[in-house]
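Residue numbering for the sequence shown follows my numbering, beginning at 139 and increasing consecutively. The beta-carbon is built from N, C-alpha and C at its ideal position, and this holds for glycine as well. Input: a single structure, listed below in structure tokens.
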Amino acid sequence: MSESYEEKAARLDAADELAKYREKFALDAGTVYLDGNSLGALPAHVPARMADVITREWGELRIRSWDESGWWTAPERIGDRIAPIVGAAPGQIVVGDSTSVNVFKAVVAAARINGDDRDEILVDATTFPTDGYIAQSAARMTGHEIVACDPADMADAVSDRTALALVNHVDYRTGRLQDLPGLTAALHAAGALAVWDLCHSAGALPVGLDAHGVDLAVGCTYKYLNGGPGSPAYLYVAERHQAAFDSPLPGWNSHADPFAMTPGYEAAAGAVRGRVGTPDILSMLALEAALDVWDGVAIEDIRAKSLALTDFFLECVRAYVPAGRVVSVTPDAHGERGSQAALSCENAPAVMAELIKRGVVGDLRRPDVLRFGFTPLYVGFADAEKAARVLAEVLADLPA
Ligand SMILES: *Cc1c(COP(=O)(O)O)cnc(C)c1O
Numbered sequence: 139m140s141e142s143y144e145e146k147a148a149r150l151d152a153a154d155e156l157a158k159y160r161e162k163f164a165l166d167a168g169t170v171y172l173d174g175n176s177l178g179a180l181p182a183h184v185p186a187r188m189a190d191v192i193t194r195e196w197g198e199l200r201i202r203s204w205d206e207s208g209w210w211t212a213p214e215r216i217g218d219r220i221a222p223i224v225g226a227a228p229g230q231i232v233v234g235d236s237t238s239v240n241v242f243k244a245v246v247a248a249a250r251i252n253g254d255d256r257d258e259i260l261v262d263a264t265t266f267p268t269d270g271y272i273a274q275s276a277a278r279m280t281g282h283e284i285v286a287c288d289p290a291d292m293a294d295a296v297s298d299r300t301a302l303a304l305v306n307h308v309d310y311r312t313g314r315l316q317d318l319p320g321l322t323a324a325l326h327a328a329g330a331l332a333v334w335d336l337c338h339s340a341g342a343l344p345v346g347l348d349a350h351g352v353d354l355a356v357g358c359t360y361k362y363l364n365g366g367p368g369s370p371a372y373l374y375v376a377e378r379h380q381a382a383f384d385s386p387l388p389g390w391n392s393h394a395d396p397f398a399m400t401p402g403y404e405a406a407a408g409a410v411r412g413r414v415g416t417p418d419i420l421s422m423l424a425l426e427a428a429l430d431v432w433d434g435v436a437i438e439d440i441r442a443k444s445l446a447l448t449d450f451f452l453e454c455v456r457a458y459v460p461a462g463r464v465v466s467v468t469p470d471a472h473g474e475r476g477s478q479a480a481l482s483c484e485n486a487p488a489v490m491a492e493l494i495k496r497g498v499v500g501d502l503r504r505p506d507v508l509r510f511g512f513t514p515l516y517v518g519f520a521d522a523e524k525a526a527r528v529l530a531e532v533l534a535d536l537p538a
């Protein structure tokens, strides 16, 4: 007798070295949480850490905590915690502000480094909208023209007019993984800078920022890094660009001597010059605590499990869901897949609403995409099987 999908899930879960990490998260047994690519789950130890931050560091130490509790240096300290997850040596990542704000800093800074005799900025035509909106405004300020371009066509579109390209590493809608090493090399060959948005890849797969010579990068921390709602984003400035990094938001936190309070601006050395104003310490320290779950975790193991999970989910969908009811828009090839499965589906809003009612939490990207994000630290194979099974039940109960 051949193995059922439920049996196969149990076998894969039993062999999964990362399965033990699930208990580090606040998750209920009745819910299959497949929306960690939008808001990561809460690491279970974070509330106690935040209680200490609020009652002792803020409540008792008050102003002393900027120094004694390490608040002032949190942006660069936490940047160094994120660095190994995205393949960066220390001293190149600073945490703070939203991804949107960091896109602005990165695009303007890259245009200032490399834009004097280059008048175009290539922007991923499939980008998450905020990157495109911000790049458009940045380009107006620096006197560049935006050229929207599918990442697949970028290597051909780049020219000696291109100052930089801004690309999403993983497409938020389809889950397509772009070729970061190849595209970065193609941009460099034409003298352009590569600015990558890692929102949907950091914490889900190896990025290799240093190894692939990325120039600048941004990303958020509330998706696969589980930093909490609105947790601060980060900015990577490769060491070789730090001296020339000229921030369009040179706030006092990025000053070489902030407490000199001088009228003239002088940028701090290193990635610290990507800071702006006073950091949002509560969110930042929640993120710092959340990153503890990564201790001892190899991103290569995360990637292997992520691919196994999305493979298995898609296999169960093919087995359970009548042909034609859903179409995967996520690439089959491992080299082109992030950590989500996206299914286009008739009546998708009603289908997702019903899935959530039945305890399978994914999300919807209008008009017709059901998104299922797989966070390898806390999602297992039984979750994948159940999600596919409940999807088939929902589709059977709802008219096509
Ligand atoms: C999630 C996401 C953002 C979010 O930006 P915020 O400023 O945090 O709202 C930006 N870009 C991409 C590619 C994303 O996936």
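Which residue comes first and which comes last in the beta strand (DSSP E) that contains residue i?
i: GLY357; result: 354-357
i: TYR372; result: 372-375
i: ARG200; result: Looking at the DSSP string, ARG200 is not in any beta strand (DSSP E), and its letter there is neither H nor E.
i: LEU156; result: It is not in any beta strand (DSSP E) - LEU156 carries neither H nor E in the DSSP assignment.
Do you know offhand how far residue i's Cα is from residue j's?
i: ASP151; j: PHE512; result: 14 angstroms
i: ALA407; j: ALA381; result: 7 angstroms
i: VAL245; j: PRO319; result: 20 angstroms
i: TRP196; j: ARG187; result: 12 angstroms
i: VAL352; j: GLN478; result: 24 angstroms
i: ASP269; j: PHE397; result: 33 angstroms
i: PRO370; j: GLY473; result: 29 angstroms
i: LEU347; j: ASP535; result: 46 angstroms
i: GLY366; j: THR359; result: 8 angstroms
i: VAL345; j: ALA376; result: 14 angstroms
i: ALA330; j: ARG411; result: 22 angstroms
i: GLU144; j: SER297; result: 52 angstroms
i: GLU492; j: ALA525; result: 12 angstroms
i: ASP255; j: ARG149; result: 59 angstroms
i: GLU404; j: ARG219; result: 27 angstroms
i: ARG314; j: MET292; result: 15 angstroms
i: ARG194; j: ARG504; result: 45 angstroms
i: HIS81; j: TYR310; result: No answer is possible for residue 81: the residues shown for the chain start at 139 and end at 538.
i: LEU387; j: LYS243; result: 7 angstroms
i: HIS350; j: VAL532; result: 44 angstroms
i: LEU343; j: SER142; result: 29 angstroms
i: GLY253; j: LEU373; result: 20 angstroms
i: PRO514; j: ARG441; result: 8 angstroms
i: PRO487; j: ALA480; result: 14 angstroms
Mind checking which residues open and close the alpha helix (DSSP H) that includes residue i?
i: ILE494; result: 486-495
i: LEU425; result: 419-428
i: ARG187; result: 184-190
i: GLY208; result: It is not in any alpha helix (DSSP H) - GLY208 carries neither H nor E in the DSSP assignment.
i: ASP255; result: Where ASP255 is concerned, there is no enclosing alpha helix (DSSP H), given that its DSSP letter is neither H nor E.
i: LYS524; result: 519-535
i: PRO222; result: Premise fails: PRO222 is in no alpha helix (DSSP H) and is neither H nor E.
Name the DSSP beta bridge partners of residue i, please?
i: TRP334; result: VAL305 and ALA355
i: ALA405; result: HIS393
i: ILE231; result: TYR374
i: LEU481; result: SER466 and LEU508
i: CYS287; result: ASP262
i: LEU315; result: VAL308
i: LEU502; result: LEU508
i: ARG475; result: ARG314
i: PHE450; result: DSSP output for PHE450 lists no bridge partner at all.
i: THR280; result: THR280 is not bridged to any residue.
i: PRO181; result: PHE163
Closest by CA to residue i, which one among the options?
i: PRO185; options: ASP384, LEU423, PHE519 and GLU438; result: LEU423
i: ALA446; options: LEU533, ARG278 and GLU155; result: GLU155
i: SER238; options: VAL261, ALA405, VAL356 and ILE201; result: VAL356
i: GLN316; options: TYR271, LEU354 and THR264; result: THR264
i: ASP262; options: ASP433, ALA427, LEU199 and VAL241; result: VAL241
i: ASP190; options: SER207, ALA303 and LEU387; result: SER207
i: ASP205; options: ASP501, SER142 and ILE419; result: ILE419
i: ASP430; options: PRO181, VAL465 and ARG475; result: PRO181
i: ALA247; options: ALA226, ASP439, HIS282 and ILE216; result: HIS282
i: TYR362; options: PRO388, SER392, ARG378 and PHE510; result: PHE510
i: SER444; options: PRO460, ARG475 and TRP432; result: ARG475
i: LYS146; options: ILE284, ALA520 and LEU529; result: ALA520
i: ARG463; options: ALA538, LEU336, LEU373 and ALA342; result: ALA538
i: SER236; options: ARG311, GLY415, THR300 and ARG200; result: GLY415
i: THR468; options: TYR458, ASP449 and ARG278; result: ASP449
i: GLU453; options: VAL498, ALA442 and ASP470; result: ASP470
i: GLY178; options: GLU523, GLU531, TYR516 and VAL528; result: TYR516
i: MET279; options: ASP257, ASP288 and PRO289; result: ASP257
i: ILE437; options: ALA340, ARG413 and LEU502; result: ALA340
At the 8 angstroms Cβ level, is residue i part of the contact set with chain D, yes or no?
i: PRO417; result: Considering every chain present, this structure includes no chain D. It has just one protein chain.
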